[in-house]
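A.B. asks: Under full-length UniProt numbering, the first residue of the sequence shown carries the number 1, and numbering increases by one thereafter.
Heads up, the beta-carbon is just placed ideally off N, CA and C, and yes, glycines get one too.
Predicted model, so just to flag it, every value in this text is computed and none were measured.
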Amino acid sequence: MVYFCHGYGDTCTFFVEGIARKLASSGYGVFAMDYPGFGLSEGLHGYIPSFDKLVDDVIEHYSKAKGFPSSEIASTAFTVGTAAVLPFYTIMVVAPKAQLA
Numbered sequence: 001m002v003y004f005c006h007g008y009g010d011t012c013t014f015f016v017e018g019i020a021r022k023l024a025s026s027g028y029g030v031f032a033m034d035y036p037g038f039g040l041s042e043g044l045h046g047y048i049p050s051f052d053k054l055v056d057d058v059i060e061h062y063s064k065a066k067g068f069p070s071s072e073i074a075s076t077a078f079t080v081g082t083a084a085v086l087p088f089y090t091i092m093v094v095a096p097k098a099q100l101a
């Protein structure tokens, strides 16, 4: 299972139209969501009032994708999405917004 967290000003649509289709056709489960205010989600466009709330929203949504042991879950994220994937076990971050040290 691969969880995807998009970057600031992005949506999960780009991921789903490209990379996600390739992953799914290779047998991987894929889970992506738009943050509130991004893509097709409700809210003020591009406004993140709290990174803590964003992380909580991501954890809540991703906890609904059950049935996969933690050893089989990976996350990939871009820019602000990197803050959201830090609680997960296996991550790949691209242009991280958060300091990972």
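(1) How long is the line joining the alpha carbons of residue 118 and L44, rounded to whole angstroms?
(2) Looking only at its own chain, which residues have a Cβ that is under 6 Å from the Cβ of A24, when we skip the five neighbours before and after it?
(3) With DSSP run on the structure shown, which of helix, strand or coil describes V75?
(4) Among residues of its own chain, excluding the 5 on either side of T11, which ones have a beta-carbon nearer than 8 Å to its beta-carbon?
(5) Between T13 and the rest of its own chain, which residues show a CB-CB distance below 7 Å, the 5 nearest in sequence each way excluded?
(6) Which value, in whole angstroms, describes the spacing of the CA atoms of R21 and S50?
(7) Name the residue from Y8, F4 and G9 whose alpha carbon lies nearest to the alpha carbon of E17.
(8) Write down the C-beta distance between H6 and F68 rounded to the nearest angstrom, noting that I regard them as a contact closer than 8 Å.
(9) Report back the beta-carbon spacing between G80 and I48 to the nearest angstrom; my notes put them in contact at under 8 Å.
C.D. replies: For this structure:
(1) The chain is shown from 1 up to 101; residue 118 falls before or after that span and cannot be answered.
(2) V30
(3) It is Ser, not Val, that sits at residue 75 in the sequence shown. Reduced to three states, the DSSP call for S75 is strand.
(4) D34, F38, G39 and L40
(5) G39
(6) 31 Å
(7) Nearest to E17 by C-alpha distance, out of Y8, F4 and G9, is F4.
(8) 21 Å between Cβ atoms; not a contact.
(9) Per the sequence shown, the amino acid found at residue 80 is Val instead of Gly. Their Cβ separation, rounded to whole angstroms, is 7 Å, which keeps V80 and I48 in contact under 8 Å.
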